[in-house]
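Visitor: Structure below; questions to follow.
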Amino acid sequence: MSTNIVKVAGVDISTDHFIGGKRVASANRFADISPVDGSHLADVSAGGKVEANAAVEAARNAFPAWAALGPKGRLPILKKFAEGILARASELAAVETMDNGSLVAGNLHRVIPRAAHNIDFFAEWALTLEGHSIDSPEVVNHIKYDPSGVAVLITPWNAPFMLTTWKVGPALAAGNTVVIKPPEWAPLTCSLMADIAKAAGVPDGVLNVVQGIGEEAGDALVNHHDVDRISFTGSTDTAKIIGQAAARSITPMSAELGGKSPFIICADADLDAAAQTVAAQYMNAGQVCLAGTRIMVEKKIEEQFLEKVRDASAHMVVGDPREKDTRVGPLIHKDHFERVAGFVERAKADGAVPLWGGGRSNFGDLYFEPTLFADVNPSLEISQREVFGPVLTWQSFRNDDEVVSLANNTKYGLAGTLFSRSEKRAMDIASQVTAGTLWVNCFFVRDLAVPFGGAKDSGMGREGGSWSFDFYSDIKNISVRKGSFA
Ligand code: ADP
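Take the sequence shown: its position 239, counting from 1, is numbered 244 in this note's numbering, and each next residue is one higher.
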């Protein structure tokens, strides 16, 4: 057993891998720095091929017994796992904040409870998939959701705990065993997840965590010959690399990637609600793949609406994410800060005009001002590429054809938001925008029963409800001739 424990926000956290129910250390370590105050949080075990092999082997060995439990046998264990998450919600929220800079209040009240729900919900949903059959003239087709085996789950830093449970929930509920590769910029809550799973009675080897750098630990896992599923959330460029590994072994892969989502405000909308929701796109410092970053406003209300957004954005206080009044915390890492600042500088050079913001906040090194660019030509980089920071663009439109074509004018298709009081108009526009999710007069509502995923470069596959089990199962049809049994 390793003794590599750090204390972050008063919580003891192992910095080592979790393989076959045991902590395993690596000689190589990587530094984990807090974006909140630049403090050095931990030196974390950096895995590679050796650790990936050990974890996949542990997961493979644990698979038959976990699969054999069936959904009913797994349910009480997974419910305890969810309860364990809730019981440690305040610790998880505080650690996540120190590790990735997200707002502690949001973590405590929304993100961590949601993570527990991810485990609970899919454990229950798995029960609904049993006993499904389709009657044909000559045969009865019994549809079985067989567990697929070992699933590798690779997650990003913007909501590591929550996004990992979004994969762990359905993967385990479907009877798979998993190897998690947490993000190297914010690995700590996934280490706590392993402790919580163990305490809940998740058998050794069913949930493994291999820490490390993407190009090393992640690469070793996705190239492992004995992996049955790869589920990835992160950037489109990394997905293309992982996709090549998956293709070599024909391993099914799901990918939830970036976005550059449109946010459309029609003249007949509830402008106050719409303005509040536009300002909310700055939350988490814009490090949200679903954020509606391209604001598109109907010309006749443009000036009036801009003033409302200006007022609402003034409440987006930049500051320490542990403080209750803060709405915009830091960017995760200095490399990411430079990336965001680079987009902003190039946008200015391209002739886009920052109506507010446009640079580093006085609050601290990694803190960026909420920024709005006007006069953006739709072909500019700032209109086309995902910034993943508190940076919005502003365009106006005169009619619905124009806004549909503006909305669809990127390579992404993750989500979109639209405000209008006209049902016909809203549904007409919404049905023409290419995206996995369109929110009308709301934002960020995500029932776990509904399909979720991205079109075009925003991903492949859908998760949620039975769609998750379509991915994490080997679906089998046992086709039995009627009247053929003695
Ligand atoms: P982001 O831009 O959000 O940091 P990345 O796509 O770089 O997104 O990273 C998301 C996750 O993918 C992280 O856990 C990272 O370690 C992992 N990762 C990065 N490169 C690879 C790779 N070549 N193979 C497997 N995983 C990778």
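Ideal Cβ positions, reconstructed from N, Cα and C, are used throughout, including at glycine.
1. Which complete beta strand (DSSP E) runs does the segment 222–293 hold, if anything under 3 residues is left out?
2. Could you pull out every residue in the same chain whose Cβ sits closer than 6 Å to the Cβ of A217, ignoring the five residues on either side in sequence?
3. Buried or exposed for A214, going by 16 or more other Cβ atoms inside 10 Å?
4. Along the chain, where does the alpha helix (DSSP H) containing G521 start, and where does it finish?
5. Does M321 come out as helix, strand or coil in the three-state DSSP assignment?
6. Within a Cβ cutoff of 7 Å, which residues of the same chain sit near R486, ignoring the five residues on either side of it in sequence?
7. With distances taken between CB atoms, is the gap from F35 to I159 smaller than 8 Å?
8. Ignoring anything shorter than 4 residues, give me the alpha helix (DSSP H) runs that lie fully in the segment 357–406, in order along the chain.
9. Sorted by chain position, which residues of the same chain lie with C-beta nearer than 7 Å to F402's C-beta, five sequence neighbours on each side aside?
10. Buried or exposed: where does A14 fall if 16 or more other Cβ atoms within 10 Å of its Cβ makes it buried?
11. Could you pull out every residue in the same chain whose Cβ sits closer than 7 Å to the Cβ of R119, ignoring the five residues on either side in sequence?
12. Using only the alpha-carbon positions, how far apart do G206 and N181 sit?
13. Taking the Cβ atom as the reference point for each residue, do A199 and F424 lie within a distance shorter than 8 Å?
14. Tell me the rounded alpha-carbon separation between K461 and Y417.
15. What's the gap between the Cα of R467 and the Cα of A454?
16. Determine the closest residue to A420 out of R426, E391 and N404, with distance taken between C-alpha atoms.
17. Who are F424's beta bridge partners in DSSP?
18. Rounding to the nearest angstrom, what Cα-Cα distance links I24 and V49 in this structure?
19. Find out if the Cβ-Cβ distance for the pair G210, G89 is shorter than 8 Å.
20. Where does S138 land, buried or exposed, given buried means 16+ other C-beta within 10 angstroms?
21. Count Cβ pairs between the segment 364–379 and the segment 329–347 that sit closer than 8 Å; are there 3 or more?
22. At which residues does the beta strand (DSSP E) containing P142 begin and terminate?
23. In the structure shown, what three-state DSSP assignment does N112 receive?
24. Could you give the DSSP three-state label for G78: helix, strand or coil?
25. For the pair the segment 108–117 and the segment 319–333, tell me if three or more CB-CB distances fall below 8 Å.
26. Over the uninterrupted beta strand (DSSP E) stretch that includes V173, give me the two end residues.
27. Beta-carbon separation of V438 and N413 under 8 Å?
28. Could you tell me the alpha carbon to alpha carbon distance between G297 and F474, rounded to whole angstroms?
29. Quick one: grab the DSSP three-state call for K84.
30. Work out the CA separation of N123 and E350 for me, nearest whole Å.
31. Check whether the segment 267–285 and the segment 352–368 are in contact - that is, three or more C-beta pairs closer than 8 Å.
32. Consider the C-beta atom of I247 and the heavy atoms of the ligand ADP; say whether any pair is separated by less than 7 Å.
33. Taking 8 Å as the cut-off, decide whether the C-beta atoms of W444 and P456 are in contact.
34. Nearer than 7 Å: is that true of the beta carbon of G219 relative to any heavy atom of the ligand ADP?
35. If we ignore side chains and look at the alpha-carbon of each, how far apart do A352 and S240 end up?
36. Using the C-alpha atoms, what's the distance from V396 back to M6?
Guide: Reading off the structure:
1. 234–238, 258–261 and 266–270
2. Per the sequence shown, the amino acid found at residue 217 is Gly instead of Ala. Answer for G217: A51 and G52, listed in chain order.
3. Here residue 214 turns out to be Val, not Ala, going by the sequence shown. Burial call: buried.
4. Since the first residue shown for the chain is 6 and the last is 491, residue 521 is missing from the structure and cannot be characterised.
5. coil
6. E143 and V144
7. no
8. 386–389
9. M301, E303, K304, V408 and L411
10. buried
11. M167
12. 16 Å
13. no
14. 6 Å
15. 11 Å
16. E391
17. I270
18. 15 Å
19. no
20. exposed
21. yes
22. Element bounds for P142: n/a, residue is neither H nor E.
23. helix
24. helix
25. yes
26. Element bounds for V173: not the beta strand (DSSP E) but the alpha helix (DSSP H), P165 to A178.
27. yes
28. 28 Å
29. helix
30. 39 Å
31. no
32. yes
33. no
34. yes
35. 21 Å
36. Interpretation of M6 is limited by its pLDDT of 48, a score under 50 that renders its predicted location unreliable; no figure is taken from the coordinates.
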